[in-house]
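Chains A and B supply the protein sequences, listed in that same order.
Quick note on numbering that gives the first Met the number 0: the first sequence kicks off at 0 and runs consecutively.
Quick note on numbering that gives the first Met the number 0: the second sequence kicks off at 0 and runs consecutively.
C-beta atoms are modelled at their ideal positions from N, C-alpha and C, and glycine is treated no differently.
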Amino acid sequence: MTAKASLAVVAALAIFFAALAGLGMPKPSADLPQLGTLIAPLPEGPAKGVADRACLNCHSGDVLRQQRLTEKQWTANVTKMIGWGAEVPEDRREELVRYLAKNFGPGNVAFRPVAVSPIRANR
Amino acid sequence: MKVVSGDLAPLTRRKFIGMGAVTLASTALGLPRPERRLLQMNAYAPDAETPLDLLTTYITPNDLFFVRHHWNATAPDPRTWKLTVDGEVALPLELSLADLKRFPRTTVTCVLQCAGNGRSLYTPPVPGIQWRYGAVGNARWTGAKVRDLLAKAGVKGTAKHLHTAGTDDPPSKTPPFHRSLEIVKALEDAIVAWEMNGEPLPPLHGAPARLVVPGWAGDHWMKWLAKLSPQPDPEKGFYMDVGYRYPAKPGEPGVTFKPEEMRPITELFVKSNITGAPARARVGSPATIRGVAFSGAPDIAKVELTDDDGKNWKTADLGREHDPYAWRLWSLPWTPKSPGKVRLAARATDSRGSVQPREAVWNQSGYLWNGWHSVEIEVTA
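As structure tokens, this is what we get:
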């Protein structure tokens, strides 16, 4: 292909894609973050500090933020996790359950998983 | 929280043209533009599922395959890693990766699905990772047959259960993920795999070697495998006696059972998903609906679609590619008859006659969801 023909092809493509953009075609997205690079904080509240210390050593807040559990279910889960080593001061335990049930109760539909990059082979 | 920016990253011309081609192809089919990505369910320990619109190929690529961890694990050094075979055997073994690779090489193509895939779809909600549809994939697993390893060790007739353990240590007082499965199944078709889709098994998938149990849920597929130990009795502990159990006789939604009223999960339930359908269609213009179907039975007998809530069903074409316990791709040209919102639902039937139910059977841990999968399509005149 001559240089002139190449230019013509590039120009045609440019016009074509500009036309597509004008038609409201989906735009290419930004590069996606990698799995594990987006760490969402837990919501504010009186027991946030207790939840941070008790829960986030072993797993991210994603696990909490996606739950829709009753106070009874949260009580059972907090008991289970304390048995597995979560550090919750005895006098803050009920407060923690109330915080979890308030923020991540049956009506919690706010969680959306973030889109992340495919996993590179060396990870 | 870091915010995912919607701004455009700098693009090379090649990348721009490549994306244009993908856009064109997708638009021609009336499909959304596929974007290679995973959905993060847990930043750490890493849990991520594959979006349904990417589960459109017979083989799920390694980089798009869902990942699931109980805790932050460290992959062992393949140079020093050993697989111990002990228990009810005449000759205990300690195998390096090189030793393992000297056994006859075998490849199986089959589905790996997390026991909790679809948990978020149960009502009332249950605790655990709220997987939707994508904690599942189909891959070629290459390794050595468990049967050959146990034969070399001289497994005894007293062995009824194969105990398995990985190198990953749990944090704090969390119980270890120690498991067992019936030795009959392990001897039938389980393998110790060191390759996934022709590449060395990736660390997040259990490198250097993991167990592959065709047709059975992912909790049996021990990653970072360190021990195979045939024993007379099942393994004990939280992940056998409490976790990964399903009611012997399930009750109404919300009814919970004691562990002794439940059994360990084994085979997958028959299931199909719609992975490609247009958001909009025109009366009289055929649109292609695509999907995957799989089961704990070796094959899928048929996949059907309904656009009238199950009154009438049309049988889909099954894909040519097929292996025992692998998924089948399926497709069906569907022509809308009248305008309005239409709900299309798919159901699969497996080679043993099990039919995917309208509603999955609620269970307290949210395992093995397999209700009809449906999509809504806006039909215009």
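Sequence-distant residues of its chain with Cβ nearer than 8 Å to residue i (five each side left out)
| i | result |
| --- | --- |
| A44 of chain B | H68, H69, W70, N71, A72 |
| G106 of chain A | R67 |
| C109 of chain B | N137, A138, W140, V211, P213, G214, D322, P323, Y324, A325 |
| P201 of chain B | N61, M195 |
| W130 of chain B | M40, E48, C113, G115, N116, G117, R118, S119 |
| T287 of chain B | L28, G275, S330, L331, P332, W333 |
| V98 of chain A | Per the sequence shown, the amino acid found at residue 98 of chain A is Tyr instead of Val. Closer than 8 Å at Cβ, skipping near neighbours: G44, P45, A46, K47, V49, A50. |
Contact with chain A by residue i, beta-carbon distance below 9 Å
| i | result |
| --- | --- |
| P60 of chain B | yes |
| L149 of chain B | no |
| K172 of chain B | yes |
| E251 of chain B | no |
| M46 of chain B | A small correction: the amino acid at residue 46 of chain B is Asp; Met does not occupy that position in the sequence shown. Chain A contact via Cβ: present. |
| N362 of chain B | no |
| R342 of chain B | no |
| F268 of chain B | no |
| F176 of chain B | no |
| F64 of chain B | yes |
| E260 of chain B | no |
| Q39 of chain B | yes |
| V183 of chain B | no |
| V125 of chain B | yes |
| Y132 of chain B | no |
| S119 of chain B | yes |
| A42 of chain B | yes |
Separation of residue j from residue i, as counted between CA atoms
| i | j | result |
| --- | --- | --- |
| G290 of chain B | P50 of chain B | 13 Å |
| W79 of chain B | G318 of chain B | Rather than Trp, the amino acid found at residue 79 of chain B in this sequence is Thr. Rounded to the nearest angstrom, the two C-alpha atoms are 43 Å apart. |
| A39 of chain A | S59 of chain A | 8 Å |
| R327 of chain B | R139 of chain B | 14 Å |
| T55 of chain B | T141 of chain B | 22 Å |
| W312 of chain B | D218 of chain B | 34 Å |
| P323 of chain B | I190 of chain B | 14 Å |
| L63 of chain A | N196 of chain B | 34 Å |
| L37 of chain B | F110 of chain A | 16 Å |
| S171 of chain B | W223 of chain B | 20 Å |
| Q72 of chain A | T173 of chain B | 19 Å |
| L139 of chain A | R346 of chain B | Here chain A comprises residues numbered 0 to 122, so residue 139 of chain A is not present and cannot be evaluated. |
| A53 of chain A | A206 of chain B | 30 Å |
| A97 of chain B | D51 of chain A | 44 Å |
| P88 of chain A | D61 of chain A | 23 Å |
| V108 of chain A | E320 of chain B | 39 Å |
| K81 of chain B | A216 of chain B | 25 Å |
| K301 of chain B | A315 of chain B | 7 Å |
| G309 of chain B | S228 of chain B | 48 Å |
Chain-order list of residues whose beta-carbon lies under 7 Å from that of residue i (same chain, five-residue window excluded)
| i | result |
| --- | --- |
| I118 of chain A | L34 |
| W368 of chain B | N116, G117, R118, L120, Y121, A359 |
| V374 of chain B | I273, A276, L343 |
| L90 of chain B | A152, G153 |
| W371 of chain B | A344, A345, R346, Q355, R357 |
Nonlocal neighbours in the same chain, by C-beta distance under 6 Å from residue i, ignoring five residues either side
| i | result |
| --- | --- |
| K226 of chain B | T83, A164 |
| L186 of chain B | R146 |
| N102 of chain A | P42 |
| K159 of chain B | I182, P231 |
| K47 of chain A | L41 |
| A280 of chain B | A286, P335, I376, V378 |
Within-9 Å CB hit, residue i to chain B
| i | result |
| --- | --- |
| T74 of chain A | no |
| N102 of chain A | no |
| A46 of chain A | no |
| D51 of chain A | no |
| T36 of chain A | yes |
| D90 of chain A | no |
| C54 of chain A | no |
| V62 of chain A | yes |
| P112 of chain A | yes |
| A85 of chain A | yes |
| A39 of chain A | yes |
Problem - At least three beta-carbon pairs within less than 8 Å, the region 344-363 of chain B to the region 289-307 of chain B - result: yes
Problem - Uninterrupted beta strand (DSSP E) stretches inside the region 47-82 of chain A (no shorter than 3 residues) - result: none
Exercise for the section: Quick one: which unbroken beta strand (DSSP E) runs of 3-plus residues sit fully inside the region 45-116 of chain B? Chain order, please. Expected result: 46-48, 82-84, 92-94, 104-112
Problem - alpha helix (DSSP H) segments (min. 4 residues) lying fully within the region 139-192 of chain B - result: 145-152, 182-188
Practice task
Tell me, please, whether the region 208-217 of chain B touches the region 118-131 of chain B by the rule of three or more beta-carbon pairs shorter than 8 Å.
Solution key: no
Exercise for the section: Tell me, please, whether the region 170-184 of chain B touches the region 230-247 of chain B by the rule of three or more beta-carbon pairs shorter than 8 Å. Expected result: yes
Handout entry: Contact the region 235-253 of chain B vs the region 352-369 of chain B: 3+ CB pairs below 8 Å
Key = yes
Problem - Meets three-Cβ-pair contact criterion under 8 Å: the region 370-379 of chain B and the region 327-342 of chain B - result: yes
Exercise for the section: List in chain order: all unbroken beta strand (DSSP E) runs of 3+ residues lying wholly within the region 295-338 of chain B. Expected result: 299-305, 327-333
Handout entry: Sequence ranges, alpha helix (DSSP H) only - wholly within the region 204-276 of chain B, length at least 4
Key = 237-240
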